[in-house]
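Under the working numbering, the first residue of the sequence shown carries the number 27, and numbering increases by one thereafter.
Even glycine gets a Cβ: it sits at the ideal position worked out from N, Cα and C.
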Amino acid sequence: MNEMMKKLNKIGIVPVVVLEDAAAALPLAERLMLGGLPCAEVTFRTAAAEESIRRMAKAYPDMIVGAGTVLTCEQADRAIDAGAKFIVSPGFNPKVTEHVLKKGVPMTPGICTPTEIEAALQFDLDVLKFFPAEPSGGLKMIKALAAPYVGVSFMPTGGIGPDNVRDYLKYDRIVACGGSWMVSGKLVKEGNFDEIQRLVAEAAGIVKEIRG
Numbered sequence: 027m028n029e030m031m032k033k034l035n036k037i038g039i040v041p042v043v044v045l046e047d048a049a050a051a052l053p054l055a056e057r058l059m060l061g062g063l064p065c066a067e068v069t070f071r072t073a074a075a076e077e078s079i080r081r082m083a084k085a086y087p088d089m090i091v092g093a094g095t096v097l098t099c100e101q102a103d104r105a106i107d108a109g110a111k112f113i114v115s116p117g118f119n120p121k122v123t124e125h126v127l128k129k130g131v132p133m134t135p136g137i138c139t140p141t142e143i144e145a146a147l148q149f150d151l152d153v154l155k156f157f158p159a160e161p162s163g164g165l166k167m168i169k170a171l172a173a174p175y176v177g178v179s180f181m182p183t184g185g186i187g188p189d190n191v192r193d194y195l196k197y198d199r200i201v202a203c204g205g206s207w208m209v210s211g212k213l214v215k216e217g218n219f220d221e222i223q224r225l226v227a228e229a230a231g232i233v234k235e236i237r238g
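Laid out in structure tokens, this is it:
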């Protein structure tokens, strides 16, 4: 496990952020830090993603800001140039994975089958995103996949929230869980950063409760 994954492992829950307006990046980053989850996976689903990463990374250099939903090498380059410290993709794309790793940036591609795990192993990856987690069988499926692939750990994302995150965090092959419940688009759009901070603190408390 690389050093970046070890840091995310200590944090336990990675807020998955979709930002429509980069103006929300800094107030959101501030509340993530204050709430106890000093990291964010900013998804490349919007035009504001690149600038949001740039603003967060510049203002909060100690924060672990990464890029999610990275589908192309061009997106990866833009994210890395903006300051992304790790790259996440929803599926396993060998071309994008190789491109990111050659740049020396941690890459976590998405998988949900043994075949995809074996493809990722060709790149010596030992932490993989399990996506979409709940629709693909959840923790039960992760444990089934973990059994033959003893050197692989997982970052599940998709359908994880306060009602089931504890079960995931209790399993020692889970590096961290990705989740968006504490940073929903609705709360961000409303500018309800007090509620975001409350939910972030609650999530950080769950990690502490489970992992100490």
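So, using beta-carbon positions, are residue i and residue j closer together than 8 Å?
i    : j    : result
G94  : V131 : no
F156 : C138 : yes
Y197 : C203 : no
M89  : P64  : yes
S115 : V153 : no
P140 : L171 : yes
W207 : G187 : yes
T123 : M181 : no
L217 : V44  : Per the sequence shown, the amino acid found at residue 217 is Gly instead of Leu. It is not a contact, given that the beta carbons lie outside the stated cut-off.
Can you find the residues in the same chain that come closer than 7 Å, C-beta to C-beta, to residue i, ignoring five residues on each side of it along the sequence?
i   : result
E77 : A48
K33 : I90
I79 : V68, V91, A93, A105, A108, G109, A110
Where does residue i fall in DSSP's three states?
i    : result
C99  : helix
T123 : helix
T141 : helix
I113 : strand
R192 : helix
V214 : helix
What are the residues that DSSP puts in a beta bridge with residue i?
i    : result
L154 : F180
C65  : I90
C203 : I39
M59  : M59 pairs with nothing; no bridge assigned.
T134 : V114
Report the option in the options whose CA atom is closest to the CA atom of residue i.
i    : options                : result
E66  : R57, T72, G177         : Checking the sequence shown, residue 66 turns out to be Ala, not Glu. Comparing Cα positions, the closest option is R57.
A55  : M31, R81, I186         : R81
L147 : F118, R199, F70, E46   : F118
I143 : V126, L213, G177       : G177
L225 : G238, D189, V201, R237 : D189
So, at 6 Å on beta carbons, what are the nonlocal neighbours of residue i in its own chain, with the 5 sequence-adjacent residues on each side left out?
i    : result
A227 : G61, G62
Y175 : I143
C99  : V122, H125
Spatial neighbours of residue i within its chain, please: C-beta separation below 8 Å, excluding the five flanking residues on both sides.
i   : result
M30 : I90, K111, F112, P132
M27 : N35, D152, V153, S179, V201
Any beta carbon of chain B sitting closer than 8 Å to that of residue i?
i   : result
K33 : Among the chains of the structure shown, chain B does not appear; only one protein chain is present.
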